[in-house]
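So in the working numbering the end of the sequence shown lands on 572, straight run, no missing numbers.
Ideal Cβ placement from N, Cα and C applies to all residues, glycine included.
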Amino acid sequence: MKKKLDLSYLASLGISVVLAFLIGALILAVSGHHPGHAYAAMFNGAFKGMRHLGDVLEYAMVLCICGLACDLGSRVGIFNVGGEGQLLLGAIAACQIGVWLDGASPWLVFPLAALTAIAVGGLYALIPGVLKVKLKVDEVITTIMLNTIAASICQFLAKGPWKNANKNIVAGTQQLSARYWFGGLVRGSNLSTAIFFAAIMALLVWYVMQKTSRGFEMKITGQNPRFARFSGLKTDQIVILCMTISGAMCGLVGMFRVYGAEHLFKSSISNDYYFEGLMVAMIAQYQPVATILLSLFFAVLKIGAQGMELSAGVPNQIYLIIQTVIIFFMAAERGIFRSIQARRAAKAAKARLEGGSSHV
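Written as structure tokens, this is what we have:
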């Protein structure tokens, strides 16, 4: 049965992607653009030259880790919508470590900044996790509210006590010394050696979720918490732990953005990256491998759409249209699949009844 469901999912995803591109083509044609030329410019913008490919991989890295952080929470039945705030707090805290320790050895600054980002992101996710487990407070509401608080705190710090002396930077911290930057892998792109650490994280998350007894315990906790408790599992601890790790991963993504691409904290350090990673995880049905692959696919669309705007004059919002249509169709996939199954079952039952009556 699992194999059939997987095949159904892949078929639904493929159909959704094709329909999304067809609807996008229709919109392009109506707006006066040639769909073929526009899509050619999109994929050219993603793959023409190593610089574009580097930006694709860097963006895929961010989507992937954010998506996997969401997968962890979903596996135990908790919905972490607060990853954006956890990312922002991890980014600004890690950045300030580099500013305060300017002149110290990178071998000290890098681990300390990473641990700070992990701690800040994890502790900020711990709050809604504890409220969910102990007081049954809806984590969606608390994480959304905490996102707003985190963004406001970061704005206050970046405009106030930690503000950059450069008057052209309205809301930003001091820039990190170049000795604390992750090494660049492709000239002119944002891709840095942070991708290697992200790849290790992705591998660990996949291994724990799919290949360990802890991953099985997480699955049981999410699917049937009552049965899990009666089986002797400490479900509250499992939920809180997964929520904390989810926040820690988001905080670390913030550190990667600062030390790898931006080199200072500013308000645009994350353009709703977590929410895009969340959408990727939802489309992937919270499966780690699918999340990794879809992160790469949407990164190609995102970076390609930017190149399409520059070379073909097509607004890059076409990417959002395609993304939204895919999400819409994939959200309806289960309902459509069940409807088809119900119709098949009804036809089979009707055929059996007709066959039995003919024999009589």
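Taking the alpha-carbon of residue 514 as reference, which of 259, 249, 361 has the nearest alpha-carbon? Proximity to residue 514 across 259, 249, 361 peaks at 259, based on C-alpha coordinates.
TODO: May I ask you to list the residues that DSSP assigns as paired with residue 404?
DONE: For residue 404, DSSP records a beta bridge to 396.
Answer with buried or exposed for residue 287, where buried requires no fewer than 16 other C-beta atoms within 10 angstroms of its C-beta. Result: buried.
Q. Does the Cβ of residue 387 have 16 or more other Cβ atoms within 10 Å, making it buried, or fewer, making it exposed?
A. Taking a 10 Å sphere around the C-beta of residue 387, we find 16 or more other C-beta atoms and assign the residue as buried.
What distance in whole Å lies between the Cβ atoms of residue 510 and residue 529, which are believed to be in contact at a cut-off of 8 Å? Cβ atoms of residue 529 and residue 510 stay farther apart than 8 Å, at about 15 Å.
query = Any idea which residues DSSP pairs residue 384 with across the strands?
reply = Residue pairing for residue 384: DSSP places it in a beta bridge opposite 478.
Alpha carbon of residue 470 to alpha carbon of residue 523, nearest angstrom = Cα to Cα, residue 470 sits roughly 29 Å from residue 523.
Q) If you draw a straight line from the alpha carbon of residue 452 to that of residue 346, how long is it in whole angstroms? A) The alpha-carbon atoms of residue 452 and residue 346 are separated by roughly 10 Å.
* Report yes or no: do three or more beta-carbon pairs, one from the region 387–396 and one from the region 312–330, lie closer than 8 Å? => The answer is yes - the region 312–330 touches the region 387–396, with three or more Cβ pairs under 8 Å.
Specify the secondary structure class of residue 379 as computed by DSSP and reduced to three states.
The answer is coil: DSSP assigns residue 379 none of H, G, I, E or B.
Inset, instruction - My understanding is that residue 363 touches residue 300, with C-beta atoms under 8 Å, so please give their C-beta distance in whole angstroms. - result: Sure, about 6 Å apart at Cβ, within 8 Å.
Segment limits, alpha helix (DSSP H) that includes residue 522: Counting along the chain, the alpha helix (DSSP H) containing residue 522 begins and ends at 500–524.
### Which listed residue (533, 485, 267) has its alpha carbon closest to that of residue 234
Residue 533 is the option with its Cα nearest to residue 234.
ask   = Do three or more CB pairs link the region 235–255 to the region 372–386 at distances below 8 Å?
value = No, the region 235–255 is not in contact with the region 372–386.
- residue 476 to residue 230, Cα distance in whole Å? Taking the straight line from one Cα to the other gives about 40 Å.
- Query: Ends of the alpha helix (DSSP H) at residue 424?
  - Reply: Counted as a single uninterrupted DSSP element, the stretch harbouring residue 424 is not any alpha helix (DSSP H), since DSSP gives it neither H nor E.
Out of 382, 353, 378, which has the shortest C-alpha to C-alpha gap to residue 366?
-> Residue 382 is the option with its Cα nearest to residue 366.
Item to complete: Could you say which of 289, 226, 325 lies nearest to residue 436 if we only look at CA atoms?
Response: Closest by alpha carbon: 289.
In the DSSP assignment, find the unbroken alpha helix (DSSP H) run with residue 269 in it and report its ends. It spans 261–287 - the alpha helix (DSSP H) in which residue 269 sits, taken as one unbroken run.
>> I need the straight-line Cα distance from residue 384 to residue 283, nearest angstrom please.
In response: Straight-line Cα distance between these residues: approximately 31 Å.
message: For residue 248, tell me which candidate among 353, 295, 352, 520 has the shortest Cα-Cα distance.
response: Check the Cα spacing between residue 248 and each of 353, 295, 352, 520: the tightest is with 520.
Three or more beta-carbon pairs under 8 Å between the region 451–467 and the region 301–311, yes or no? A contact is defined here as three or more CB-CB pairs under 8 Å, and the region 451–467 meets this definition with respect to the region 301–311.
Checklist line | Given 8 Å, three or more beta-carbon pairs between the region 270–282 and the region 401–420 | finding: Note that the region 270–282 touches the region 401–420; at least 3 beta-carbon pairs, one per stretch, sit closer than 8 Å.
Next on the checklist: Please state the DSSP three-state secondary structure of residue 417.
Outcome noted: If DSSP states are grouped into helix, strand and coil, residue 417 belongs with the helices.
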